[in-house]
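What follows is a short report on a single structure.
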């Protein structure tokens, strides 16, 4: 088998060696002459879109991919230009990046750190990708961010909500546009106090892994600061599909608010269980029982259906936002794909444009130059309102949305309604905040590779 | 040669040649051509071929010889990775102690699991190993990654941070795994006309270790110990009736197999210093079973081929997206182009699992002996009848 399979290649190889004899003087064209990893030399530049196409977050991943493809179209001057028209930085001309046509490669992270790194590596080593964008889970984002730092290319994080991504695991070559657990908590807490009162007793159910813990920690800190009491915090296994045994004790615990630190399928199941147990109709401590889901997404809302009515949560972006950038993006996404973009789609779209714009402004693809251009960059017109890319931790600061499951949805996409747009100042924190690695956390030095 | 008979010696030489020349062989298409999509000769994938080759060779020692189907082999792979990364974190980025430590820890782990699991055979054994592996996964994913006692760093995966202890690390050494100062990421690129070949230190390290592992496996297959393992597979009860206690042999095979997995795990961490819990997930255990069966269980070269095929599908076929398809079929008229793309679409990109599944079904139905049997059948077609008969007498049949 092995022999027969390789004879053809053997012939090829022999001819290659024969060719080597002829081309001897030019063999050693030094590839190390490049100033940085994967310096684009031709008329095109390759971006790598690394999203989950299979596994639990495949829906989010596919939505991200659609948005990334749309961004590439807009960069190359095809389509209606989308947010290029509303973006406050006018460096992008719709002729690619720095005059080079944008091409892209895609990969499947399978929502596993290992697979994500393998796929990112193949983009870097084989396809010559100069930037990696994507990742629908914090574990994956942190892992790929580390890889990009080592390899010397830029990582533009997609959907990753854990504090760690720009906290203790922050990297000089990594940038995050999405918000994080701390911001969710900071935005939610005042709304919770206003809607439910300041003397509530909360019960947490938390997915038992890194993201769940940072989320629980953040929400606890923010709610306790305004007077709430945490009755209990129970960790649930990640693979759990039936949460009844975790919901039953909630009723007798003396709590009157249930906080579900779950995401994706976990959240859909736990919320459904809680509603089936009639928690929302119960009274506890003389108050109506309430449920909170700190991190929302459109796809989860759709999955939970009816059960989501009236449940509060937070989001990075919602297509109903009424600003120029958002309208331009929703129009262009809707016309192409026939549905409004999700939260995760918007963050990936914005990240691709931000990267391209930073290259234009820096006049180079060198990660160090691009990084400098992004650091401290203030912009508007990508859908989230005025935004700052903070230099100290490469985290974007912008308004955070507090949303509620719609009581009377008019169509299948109208599942969430915006309750409040929390201004940036309220969700701001110091770069050396203890939840973000404290004083020890550092970006390190930017690495151009090669 | 090397204490091998002529046939095995030849096989070993062929494997050596293929492994050493892999950067050429797997990059048959010039860079920039449409077919370059199918090139697999870049360092990361080459390393994976070698590493998963080792993993599958090891698994085959247990499954191919003794017939014990372990559904939890990924646990040893994961344990090996964690052990190696901890060596990086605590002592040095040099890969030699890390790999050695990975093998040792995997051995200890496999003695424990093997001792318990081997009290049963058949499906019960498979379920026991599966249970242990899932237990390890759960431990690594959440239990052992709590902030108070963080052994595995959970979902994010265990990584080396700049403020880690690294007792024997000094400036001047690369800030990533290295072999006595030579970084595993170091590569030499050779440009030949349109072709570009990359020779990577990490790959050649993996290749060398795989060759040693492969050689050891050949010797084991041909040894009296290997014969004893085959006897366990063919009829364990009869072995017991002859007054022979087969359990120590099975345990030894299990431990050797676990050490191979630990070695592979250590190498994975050495090539890329991150250990994630998904490496222990049951799908990872299932993958090595697939590799072995796809290639040919009980044969020497089969598992390596199976590992190569699966990793190729995972890394190359999964990256063919609609965009690429449209480029390929751009020469067709518009309507037809879309139709062809729509037809192929479900089988590439995110549909690579589907293609792999179909190949697996076809192999199991038509080539029960795996790819190796396919190769043998083709070889037989090209040979005369005489050669065919000669082969029959000398052919080393896969264990039943």
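Chains as they are written, first to last, in the working numbering: chain A, 1 to 450; chain B, 1001 to 1400. Just so it is clear, CB atoms sit at the ideal spot from N, CA and C, and this is done for glycine as well.
By the DSSP assignment, the beta strand (DSSP E) with residue i in it spans what residues?
| i | result |
| --- | --- |
| residue 1023 of chain B | That residue, residue 1023 of chain B, is in no beta strand (DSSP E); its alpha helix (DSSP H) goes 1006-1025. |
| residue 433 of chain A | Looking at the DSSP string, residue 433 of chain A is not in any beta strand (DSSP E), and its letter there is neither H nor E. |
| residue 1167 of chain B | Counting along the chain, residue 1167 of chain B falls outside any beta strand (DSSP E), and DSSP gives it neither H nor E. |
| residue 273 of chain A | Counting along the chain, residue 273 of chain A falls outside any beta strand (DSSP E), though it belongs to the alpha helix (DSSP H) covering 265-276. |
| residue 331 of chain A | Looking at the DSSP string, residue 331 of chain A is not in any beta strand (DSSP E); the run it does join, the alpha helix (DSSP H), is 324-337. |
| residue 108 of chain A | 101-108 |
List the residues of chain B that residue i touches, going by C-beta distances under 8 Å, in chain order.
| i | result |
| --- | --- |
| residue 146 of chain A | 1159 and 1274 |
Under 9 Å, do residue i and residue j count as touching if we go by C-beta distance?
| i | j | result |
| --- | --- | --- |
| residue 362 of chain A | residue 443 of chain A | no |
| residue 1140 of chain B | residue 1072 of chain B | no |
| residue 170 of chain A | residue 338 of chain A | no |
| residue 353 of chain A | residue 147 of chain A | no |
| residue 383 of chain A | residue 299 of chain A | no |
| residue 138 of chain A | residue 1337 of chain B | no |
| residue 1198 of chain B | residue 125 of chain A | yes |
| residue 46 of chain A | residue 103 of chain A | yes |
| residue 1266 of chain B | residue 1080 of chain B | yes |
| residue 1101 of chain B | residue 1084 of chain B | yes |
| residue 467 of chain A | residue 112 of chain A | One cannot answer for residue 467 of chain A here, as it falls past the ends of chain A, which runs 1 to 450. |
| residue 37 of chain A | residue 152 of chain A | yes |
| residue 1044 of chain B | residue 129 of chain A | no |
| residue 1104 of chain B | residue 1258 of chain B | no |
Determine the extent of the alpha helix (DSSP H) in which residue i is found, giving its start and end residues.
| i | result |
| --- | --- |
| residue 147 of chain A | 138-151 |
| residue 1255 of chain B | 1247-1271 |
| residue 1187 of chain B | It is not in any alpha helix (DSSP H) - residue 1187 of chain B instead sits in the beta strand (DSSP E) that spans 1187-1192. |
| residue 1353 of chain B | 1352-1366 |
| residue 1114 of chain B | 1095-1117 |
| residue 401 of chain A | That residue, residue 401 of chain A, is in no alpha helix (DSSP H); its beta strand (DSSP E) goes 400-405. |
What separation, rounded to the nearest whole angstrom, lies between the Cα atoms of residue i and residue j?
| i | j | result |
| --- | --- | --- |
| residue 163 of chain A | residue 1298 of chain B | 49 Å |
| residue 204 of chain A | residue 236 of chain A | 10 Å |
| residue 30 of chain A | residue 1361 of chain B | In this prediction, residue 30 of chain A has a pLDDT of 38, which is less than 50 and means its spatial position is unreliable; nothing more can be read from the coordinates. |
| residue 441 of chain A | residue 208 of chain A | 24 Å |
| residue 1019 of chain B | residue 1308 of chain B | 12 Å |
| residue 1354 of chain B | residue 282 of chain A | 47 Å |
| residue 1370 of chain B | residue 1294 of chain B | 5 Å |
| residue 329 of chain A | residue 345 of chain A | 10 Å |
| residue 452 of chain A | residue 1339 of chain B | In the structure displayed, chain A extends from 1 to 450; residue 452 of chain A sits before or after that span and is not available. |
| residue 265 of chain A | residue 1171 of chain B | 47 Å |
| residue 1116 of chain B | residue 1057 of chain B | 23 Å |
| residue 1326 of chain B | residue 1373 of chain B | 36 Å |
| residue 185 of chain A | residue 429 of chain A | 12 Å |
| residue 1221 of chain B | residue 1061 of chain B | 8 Å |
| residue 449 of chain A | residue 1185 of chain B | 11 Å |
| residue 28 of chain A | residue 135 of chain A | Caution applies to residue 28 of chain A, whose pLDDT of 35 falls short of 50 and renders its modelled position unreliable; the value that the coordinates give is listed next. Answer to the nearest angstrom: the Cα atoms are 38 Å apart. |
| residue 285 of chain A | residue 254 of chain A | 7 Å |
| residue 447 of chain A | residue 1247 of chain B | 54 Å |
| residue 1005 of chain B | residue 1014 of chain B | 14 Å |
| residue 144 of chain A | residue 123 of chain A | 12 Å |
| residue 1348 of chain B | residue 1376 of chain B | 29 Å |
| residue 452 of chain A | residue 291 of chain A | Coverage of chain A is limited to positions 1 through 450, which leaves residue 452 of chain A absent and any answer about it impossible. |
| residue 32 of chain A | residue 1025 of chain B | Unreliable placement is indicated for residue 32 of chain A, whose pLDDT of 46 sits below 50; the coordinate value is still reported in the next sentence. When rounded, the distance between both Cα atoms is 24 Å. |
| residue 1288 of chain B | residue 378 of chain A | 50 Å |
| residue 1402 of chain B | residue 404 of chain A | This structure does not reach residue 1402 of chain B, given that chain B is present from 1001 up to 1400, and the question cannot be answered. |
| residue 206 of chain A | residue 293 of chain A | 11 Å |
Name the chain A residues that come within less than 9 Å of residue i, Cβ to Cβ?
| i | result |
| --- | --- |
| residue 1045 of chain B | 118, 121, 122, 125 and 126 |
| residue 1162 of chain B | 442 and 444 |
Could you check how far apart the C-beta atoms of residue i and residue j are, in whole angstroms? I think they sit under 8 Å.
| i | j | result |
| --- | --- | --- |
| residue 1291 of chain B | residue 1052 of chain B | 7 Å |
| residue 109 of chain A | residue 115 of chain A | 6 Å |
| residue 1316 of chain B | residue 1038 of chain B | 6 Å |
| residue 365 of chain A | residue 40 of chain A | 6 Å |
| residue 215 of chain A | residue 295 of chain A | 7 Å |
Could you tell me which chain A residues have their CB closer than 7 Å to the CB of residue i, listed as they occur along the chain?
| i | result |
| --- | --- |
| residue 1278 of chain B | 112, 113 and 114 |
| residue 943 of chain B | Since the first and last residues shown for chain B are 1001 and 1400, residue 943 of chain B lies out of range. |
For a contact defined as C-beta to C-beta under 8 Å, what are the partners of residue i on chain A?
| i | result |
| --- | --- |
| residue 1094 of chain B | Result: empty, since nearest Cβ-Cβ is about 17 Å, beyond 8 Å. |
| residue 1326 of chain B | Chain A residues near residue 1326 of chain B: none, gap ~12 Å exceeds 8 Å. |
Taking Cβ-Cβ distances shorter than 9 Å, what residues in chain B pair up with residue i?
| i | result |
| --- | --- |
| residue 238 of chain A | 1138, 1141, 1142 and 1155 |
Using the beta-carbon of each residue, which ones in chain B are nearer than 7 Å to residue i?
| i | result |
| --- | --- |
| residue 317 of chain A | What residue 317 of chain A touches in chain B: nothing, since even the nearest Cβ is about 24 Å away. |
| residue 330 of chain A | Here the premise fails: no neighbours, minimum Cβ distance about 23 Å. |
For this session: Please name the residues in the region 52-79 of chain A whose beta-carbon is closer than 7 Å to at least one beta-carbon of chain E, in chain order.
Result: This model lacks chain E altogether, as its protein chains are A and B.
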